[in-house]
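A.B. asks: To start, I am sharing the structure in question, which I have written as structure tokens.
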Amino acid sequence: MIRPARVADVPALREIERAAGETFREIGLDVVADEEPPPAAVLAAYVVAGRAWVAERSAGGTSIGAGLVGYLIADLVDGCAHVEQVSVLPSQRGRRIGEGLVEHLAGWARDRGLPALTLTTYRDVPWNGPYWVRLGFRELIAPGPGLRAIREHEAARGLDVWPRLAMRRELAGS
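Take 452 as the starting number for the sequence shown in our numbering and just add one per residue.
Pasting the structure below:
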């Protein structure tokens with residue numbers, strides 16, 4: 452089940468992010484695994500703005516908090532809904548939880564007349580670039596000023612140790 456996040460969920464979101472980040476250590480991207488999740492105040496601001504959603508399981512599997520297994524936070528960038536972060540507990544991968552969160556965001560964006568979803572990601576990490584292609588995203592060769600600023604900020608944080616790219620998925624009916 453996907454629902455809007457609550458401020459009370461924020462500690463669990465941070466734990467989900469930490470757990471999901473550990474997977475990057477397995478492929479040598481310690482810079483991602485070592486990065487702290489967004490501060491609680493930042494995540495709470497997404498919740499209050501109505502741009503944070505959680506996936507929860509009522510029974511079975513490993514979960515954090517009140518059955519939370521994943522989350523997504525979104526920004527508005529260059530006139531599009533931007534996937535700022537989507538994370539799923541490693542024990543829950545392969546259950547299409549991330550895809551469900553992204554589809555929920557797509558519906559939210561369509562309801563607001565937004566033309567597309569955007570994101571930035573690692574090109575060659577299997578659960579990044581190739582995953583997003585399977586969900587209908589394509590590389591954005593000429594990103595707008597907002598996405599360029601995000602990419603510059605990522606580079607300044609040292610995240611460009613592996614190739615990164617900006618991606619976009621058009622939304623039908625927008």
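Positions of the beta carbon are idealized from the N, C-alpha and C atoms, including for glycine. Fair warning: this is a prediction, and the values are worked out from it, not measured in the lab.
Short check: CB of residue 461 to CB of residue 506, under 8 Å?
C.D. replies: Here residue 461 is taken as the residue at index 10 of the sequence shown, counted from 1. Here residue 506 is taken as the residue at index 55 of the sequence shown, counted from 1. Result no, Cβ atoms of residue 461 and residue 506 do not sit closer than 8 Å.
A.B. asks: Assuming contact is defined by CB atoms lying nearer than 8 Å, are residue 496 and residue 522 in contact in what I supplied?
C.D. replies: The count along the sequence shown starts at 1 and reaches residue 496 at position 45. The count along the sequence shown starts at 1 and reaches residue 522 at position 71. No, they are not a contact pair.
A.B. asks: Any chance the stretch 529-539 sits against the stretch 566-576, with 3 or more Cβ pairs inside 8 Å?
C.D. replies: yes
A.B. asks: Please give me, in chain order, every unbroken run of the alpha helix (DSSP H) with length at least 4 that falls completely inside the stretch 480-532.
C.D. replies: 481-484 and 491-500
A.B. asks: Pick from 474, 580, 598 and 588: whose alpha carbon is nearest that of residue 543?
C.D. replies: Taking the sequence shown and counting its residues from 1, the one referred to as residue 543 is at position 92. Checked all of 474, 580, 598 and 588; the closest Cα to residue 543 is 474.
A.B. asks: Secondary structure at residue 466, three-state DSSP: helix, strand or coil?
C.D. replies: Against the sequence shown, residue 466 aligns to sequence position 15. DSSP places residue 466 in helix when its eight states are reduced to three.
A.B. asks: Look at the Cβ atom of residue 576, then the Cβ atom of residue 478, and state whether they are nearer than 8 Å.
C.D. replies: Translated into the one-based positions of the sequence shown, residue 576 becomes position 125. Translated into the one-based positions of the sequence shown, residue 478 becomes position 27. Contact: yes.
A.B. asks: Would you tell me roughly how many angstroms separate the C-alpha atoms of residue 566 and residue 500, rounded to the nearest one?
C.D. replies: Taking the first residue of the sequence shown as 1, we reach residue 566 at position 115. Taking the first residue of the sequence shown as 1, we reach residue 500 at position 49. Using only the alpha carbons, I get a separation of about 20 Å.
A.B. asks: Between the alpha carbons of residue 622 and residue 588, how many angstroms are there, rounded?
C.D. replies: In the sequence shown, residue 622 corresponds to position 171, counting from 1. In the sequence shown, residue 588 corresponds to position 137, counting from 1. Taking the straight line from one Cα to the other gives about 10 Å.
A.B. asks: Of all the CB atoms in chain C, is at least one closer than 8 Å to the CB of residue 608?
C.D. replies: Included in the structure is just one protein chain, with no chain C present.
A.B. asks: In three-state DSSP terms, what is residue 592?
C.D. replies: Numbered from its first residue, the sequence shown carries residue 592 at position 141. DSSP places residue 592 in coil when its eight states are reduced to three.
A.B. asks: Given that a residue counts as buried once 16 or more other Cβ atoms are within 10 Å of its Cβ, and exposed if not, what is residue 604?
C.D. replies: The residue given as residue 604 occupies position 153 in the sequence shown. Burial is judged here by how many other beta carbons sit within 10 angstroms of a residue's own beta carbon; residue 604 has fewer than 16 and is exposed.
A.B. asks: Can you say whether residue 451 is buried or exposed, counting buried as having 16 or more other CB atoms within 10 angstroms of its CB?
C.D. replies: Only positions 452 to 625 of the chain appear in the structure, and residue 451 is not among them; the question remains open.
A.B. asks: My guess is that residue 618 and residue 583 are in contact by the Cβ rule of under 8 Å, so how many angstroms apart are they, rounded?
C.D. replies: By one-based count along the sequence shown, residue 618 stands at place 167. By one-based count along the sequence shown, residue 583 stands at place 132. That pair is a contact at about 5 Å.
A.B. asks: Hey, residue 556 and residue 525: beta-carbon distance below 8 Å or not?
C.D. replies: Reading the sequence shown from its first residue, position 105 is the one you call residue 556. Reading the sequence shown from its first residue, position 74 is the one you call residue 525. Going by C-beta atoms, residue 556 is nearer than 8 Å to residue 525.
A.B. asks: Near residue 597, what residues of its chain come up, given a Cβ to Cβ distance below 8 Å and the 5 sequence neighbours on each side ignored?
C.D. replies: Numbered from its first residue, the sequence shown carries residue 597 at position 146. Same-chain partners within the cutoff: 528, 529 and 533.
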